[in-house]
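Numbering (the numbering used here), first residue to last: 18 to 207.
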């Protein structure tokens, strides 16, 4: 696995890791409370086996506790700018997916597509035009399959959904290869 680096704009310590140097850039954001390594095996597979350029951006801790969605969106923009990525797929697990959705809405011109791993029940519309892949664990009681299906139904012409059978909310960590293969096969058409 790769070493975590720290970007410190305006005194904020934002952890991130970069793996692979392929032509398809993918930014992954973990669930709140889980560090960037929660997506480490998925990222490593996508970098090494699928040939993607993968950036994992962890969650900083603000002085008031956990970083807000808006703070995480800004941290994501800062790391992407620091790395010089003009365009990338962006995705995340749980709350990380919510951050990815808000980032895509704010920066649709920089987002090639959206990957959502366990969709939170948030009233955030999908950014227009871009393709969306939703992955859900069939036994996830935190972000149940129905939430992903509801979001997919708002843009059925461009949003696809895949389920990981028997997986709970931690499916990116407990079923990393299955998760990575779904992403690899979906992005293969890009």
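Just so you know, even glycine gets a beta-carbon here, dropped at the ideal spot from N, CA and C.
What's the gap between the Cα of residue i and the Cα of residue j?
i: residue 162; j: residue 144; result: 21 Å
i: residue 43; j: residue 126; result: 15 Å
i: residue 28; j: residue 184; result: 38 Å
i: residue 188; j: residue 137; result: 15 Å
i: residue 55; j: residue 140; result: 25 Å
i: residue 154; j: residue 84; result: 26 Å
i: residue 26; j: residue 165; result: 34 Å
i: residue 30; j: residue 94; result: 14 Å
i: residue 159; j: residue 92; result: 25 Å
i: residue 157; j: residue 186; result: 5 Å
Among the residues of its own chain, which have a CB less than 6 Å from the CB of residue i, if the five just before and after it don't count?
i: residue 21; result: 32 and 34
i: residue 102; result: 42
i: residue 197; result: 59, 62 and 63
What is the residue span of the alpha helix (DSSP H) that residue i lies within?
i: residue 101; result: Taken as a continuous stretch (DSSP letters only), residue 101 belongs to no alpha helix (DSSP H), as it is neither H nor E.
i: residue 194; result: 193-204
i: residue 56; result: Note, residue 56: premise wrong, no alpha helix (DSSP H); not H, not E.
My guess is that residue i and residue j are in contact by the Cβ rule of under 8 Å, so how many angstroms apart are they, rounded?
i: residue 24; j: residue 106; result: Not confirmed; about 20 Å, so no contact.
Output the boundary residues of the beta strand (DSSP E) element that contains residue i.
i: residue 32; result: 31-36
i: residue 128; result: 128-134
i: residue 73; result: 70-74
i: residue 154; result: 149-154
i: residue 44; result: 42-46
Keeping to the same chain, check which residues put their C-beta closer than 8 Å to that of residue i; ignore five residues upstream and five downstream.
i: residue 147; result: 121, 125, 128, 129, 130, 131 and 175
i: residue 65; result: 36 and 37
Taking the alpha-carbon of residue i as reference, which of the options has the nearest alpha-carbon?
i: residue 202; options: 102, 168, 72 and 179; result: 179
i: residue 40; options: 181, 67 and 87; result: 67
i: residue 200; options: 69, 47 and 77; result: 69
Which same chain residues, not among the five before or five after residue i, have their C-beta less than 7 Å away from its C-beta?
i: residue 60; result: 36, 45, 71 and 73
i: residue 114; result: 108, 133, 134, 135, 136 and 137
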